[in-house]
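Peer 1:
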Amino acid sequence: MKKLDANFFRRDVLVVAPELIGKILARRYENGKVERYRITEIEAYRGEEDLACHASKGRTTRTEVMYQDGGKVYVYLIYGMYHMLNFVTSVELEPQAVLIRGIDGFDGPGKLTKHLLIDKTFYGEDLASSERIWVEDDNFPAKFTTGKRIGIGYAGEWEEKPWRFILSSK
DNA sequence: GTAAGGATTGGC
DNA sequence: CCAATCCTTACT
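In our numbering, the protein residues as written are 212 to 381.
1. Going by the beta-carbon positions, is the gap between residue 217 and residue 339 smaller than 8 Å?
2. Can you tell me the Cα-Cα spacing of residue 284 and residue 262, whole angstroms?
3. If we call anything under 8 Å between Cβ atoms a contact, is residue 252 one with residue 377?
4. Do the CB positions of residue 229 and residue 259 come within less than 8 Å of each other?
5. I believe residue 304 touches residue 256 by the beta-carbon criterion, under 8 Å. Please report the beta-carbon distance rounded to the nearest angstrom.
6. If you draw a straight line from the C-alpha of residue 366 to the C-alpha of residue 265, how long is it?
7. Per the DSSP calculation, residue 236 is bridged to which residue(s)?
8. Please report how far the alpha carbon of residue 288 lies from the alpha carbon of residue 322, in whole angstroms.
9. Could you have a look at residue 292 and say whether DSSP puts it in helix, strand or coil?
10. Please classify residue 331: does DSSP put it in a helix, a strand, or coil?
11. Taking all protein chains shown into account, decide if residue 371 is buried (16 or more other Cβ within 10 angstroms of its Cβ) or exposed.
12. Quick check on residue 378: does DSSP put it in helix, strand or coil?
13. So the candidates are 313, 308, 320 and 278; which of them puts its Cα closest to the Cα of residue 292?
14. Going by the beta-carbon positions, is the gap between residue 295 and residue 302 smaller than 8 Å?
Here's what the structure looks like:
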């Protein structure tokens with residue numbers, strides 16, 4: 212079982228996203244208990260020019276972490292009710308991130324963060340050194356399919372990009 | 001300062 | 001189909 216370090220995330224989001232499919236998301240709770248889930252669905256958000264990416268608004272307090280080096284956690288609240296879990300990819304000044312949309316047993320970005328007790332205190336967490344959340348590679352031979360990203364009807368032509376990756380083998 | 005709307009979900 | 005619910009951004 213290998214823990215993914217920052218170098219894994221310091222690449223283009225369109226390279227990292229498909230490789231993350233089938234990887235293991237590990238979460239250690241305050242009571243010390245560790246739970247592991249296979250990542251089943253991911254979406255890629257790529258740069259300021261991607262109108263669906265929050266960084267298209269520029270570097271703000273909210274998007275700051277996306278401009279940092281890859282391997283960080285980006286969490287934000289949507290619709291006043293759900294926290295979305297993202298991992299920053301690429302290098303400094305290249306705002307890219309992957310949204311974790313589904314893990315084994317919890318299909319849906321809002322559901323999985325609710326179950327894993329992920330909230331905005333995870334904003335900026337370093338996946339390589341965190342004791343609360345990290346990603347592991349168990350050499351699972353993952354296969355995946357792609358599709359359009361969900362819920363971004365305002366993004367014009369960017370809505371058509373096949374930047375959603377779904378695990379197809381189990 | 002004020003207003004509009006969102007990378008969602010579950011219930012009617 | 002629509003409300004829940006609050007943070008971020010845009011605009012007066």
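The C-beta atom is built at its ideal place from N, Cα and C for all residues, glycine as well.
Peer 2: Looking at the coordinates:
1. Yes; because the gap between Cβ atoms is below 8 Å, this pair is in contact.
2. Roughly 21 Å between the two C-alpha positions.
3. Yes; because the gap between Cβ atoms is below 8 Å, this pair is in contact.
4. No, these two residues do not count as a Cβ contact at 8 Å.
5. Contact between residue 304 and residue 256 does not hold, since the beta-carbon distance rounds to 16 Å and is not under 8 Å.
6. Taking the straight line from one Cα to the other gives about 11 Å.
7. The secondary-structure analysis by DSSP pairs residue 236 across a beta bridge with 248 and 346.
8. Cα to Cα, the separation comes out at about 13 Å.
9. Note: residue 292 maps to coil in three-state DSSP.
10. Look at residue 331 here: in three-state DSSP terms it is helix.
11. The residue in question, residue 371, is exposed, as its Cβ has fewer than 16 Cβ neighbours within 10 Å.
12. In the three-state reduction of the DSSP assignment, residue 378 falls in the strand class, which pools E and B.
13. Per the Cα distances, 320.
14. No, the Cβ-Cβ distance between residue 295 and residue 302 is not below 8 Å.
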